[in-house]
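A.B. asks: Quick note on our numbering: the sequence shown kicks off at 101 and runs consecutively.
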Amino acid sequence: MTNKSPPDPLDDLEARLRKAREGQRGWSGGPGSKYHRPPQGALGTAWRIGTELVAAMIVGVGGGLLLDRWLGTAPWGLIVMFFLGAAAGVLNVYRAVTGFGIAAGYRRPPGDDNERQDGDAH
Numbered sequence: 101m102t103n104k105s106p107p108d109p110l111d112d113l114e115a116r117l118r119k120a121r122e123g124q125r126g127w128s129g130g131p132g133s134k135y136h137r138p139p140q141g142a143l144g145t146a147w148r149i150g151t152e153l154v155a156a157m158i159v160g161v162g163g164g165l166l167l168d169r170w171l172g173t174a175p176w177g178l179i180v181m182f183f184l185g186a187a188a189g190v191l192n193v194y195r196a197v198t199g200f201g202i203a204a205g206y207r208r209p210p211g212d213d214n215e216r217q218d219g220d221a222h
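Below you can see the structure in the form of structure tokens.
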């Protein structure tokens, strides 16, 4: 028989936790991460704003037309859904420009006050 003591399970657990935390850092999206994207330029922001507005209005008008056809209420579904789509588009543009909605719960992560995020208009 050998006099070696079995490895301490807490040391093994600590090593596994350290390894898991190191592997998880790449998912944070911060600088140095492979998932980090630099802030957009002015042209990229303009394209994003235009796309957000147009896409929301297309979805609203399309939904209104389908609703009118299904319920036979032309043109009221189109009118209502047009305004809802326009409002959704403006809300999406607001979120894109202010950076609102980047983190879960629609709040910026603590300590990211000075770092520019995707969609910031600085």
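Positions of the beta carbon are idealized from the N, C-alpha and C atoms, including for glycine.
Closer than 7 Å by C-beta to methionine 181: which residues in its own chain qualify, once you throw out the five before and the five after it? Chain order, please.
C.D. replies: Excluding sequence neighbours, methionine 181 sits near Gly160, Val161, Gly163, Gly164, Leu167.
A.B. asks: State the start and end residues of the unbroken alpha helix (DSSP H) segment that holds glycine 162.
C.D. replies: 142 to 171 is the span of the alpha helix (DSSP H), which, as asked, contains glycine 162.
A.B. asks: Just curious, the alpha helix (DSSP H) that asparagine 192 is in, first and last residue?
C.D. replies: Unbroken alpha helix (DSSP H) run through asparagine 192: 176 to 198.
A.B. asks: Would you call the region 178 to 197 and the region 142 to 150 touching, i.e. three or more CB-CB distances under 8 Å?
C.D. replies: These segments touch.
A.B. asks: Might you give, ordered along the chain, the residues of its own chain that have their beta carbon closer than 8 Å to the beta carbon of phenylalanine 183, omitting 5 neighbours on each side?
C.D. replies: Gly160.
A.B. asks: Which class does aspartate 108 belong to by DSSP, given the choice of helix, strand or coil?
C.D. replies: Coil at aspartate 108, not helix or strand.
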